[in-house]
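Participant: Under this note's numbering, think of the first position of the sequence shown as 274, with each following residue one higher.
Heads up, the beta-carbon is just placed ideally off N, CA and C, and yes, glycines get one too.
Right, I'll just put the structure down here and ask away after.
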Amino acid sequence: LYYVFNGSSDLLPFNLRNPRIVINTSRPIRSLKRKISNNFIFEVRNLNFLKKFIFYLQYTGTWKMYDHVIARSLVVTDQVWRVEMIFSVLWNHGFTYVKVLVINKDEDARSLLFTANPYDVQNYCGKVPNRMLLQSCDQPIADTF
């Protein structure tokens with residue numbers, strides 16, 4: 274599990290236990306010569322951060338061709354209006370399994386989980402996130418994709 278953030282990691286209401294690799298992009302990043310897994314948690318407040326980190330992984334050769342296709346990614350943000358853009362950015366870079374958790378810092382139960390299937394007809398093979406499924410975090414969560 275890679276936990277990637279820029280500067281502070283205060284969106285999650287709990288301490289993440291035992292991530293294999295923690296990457297704070299506000300500091301110099303040492304080369305990731307050894308790949309641990311294809312599982313990522315991105316804490317995103319800024320889309321440029323997400324784009325730069327994806328470019329970094331590709332540029333440094335950390336990912337081989339198509340590694341990101343099988344990667345499982347959870348994007349954590351506190352900005353619901355960024356959800357469509359997050360899906361678009363990740364789908365355009367070949368990510369398939371993406372979930373976006375929108376944290377409500379005032380009330381955890383009001384947090385939202387968005388999932389979407391890029392291969393859904395309404396999503397035009399990952400070109401436009403028209404059809405997203407929304408689940409409230411005060412209910413049991415179902416893995417929809």
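#1: Determine the DSSP secondary structure at Y392, reduced to helix, strand or coil.
#2: Taking the beta carbon of W364 as the centre, do at least 16 other beta carbons fall within 10 Å, making it buried, or is it exposed?
#3: On a CA-only basis, which of E357, V349 and K400 is nearest N377? Give me that one, please.
#4: Taking C-beta to C-beta, are R321 and S346 nearer than 9 Å?
#5: Kindly list the residues whose CB is nearer than 8 Å to the CB of L323, restricted to its own chain and excluding five residues on each side of it in sequence; keep chain order.
#6: Closest to I343 by C-alpha separation, out of F326, W354 and T369, would be which residue?
#7: Going by DSSP, what residue range makes up the alpha helix (DSSP H) through V317?
#8: Over the uninterrupted alpha helix (DSSP H) stretch that includes V373, give me the two end residues.
#9: Please report the Cβ distance between V375 and V356, rounded to the nearest whole angstrom; I am assuming they are in contact, meaning their Cβ atoms lie under 8 Å.
Facilitator: This is what the structure holds:
#1: coil
#2: buried
#3: V349
#4: Note that residue 321 is Asn in the sequence shown here, rather than Arg. No; because the gap between Cβ atoms is not below 9 Å, this pair is not in contact.
#5: F315, V317, V348, I359, V362 and L363
#6: T369
#7: Note, V317: premise wrong, no alpha helix (DSSP H); not H, not E.
#8: Run containing V373: none in the alpha helix (DSSP H); it sits in the beta strand (DSSP E), Y370 to V375.
#9: 7 Å
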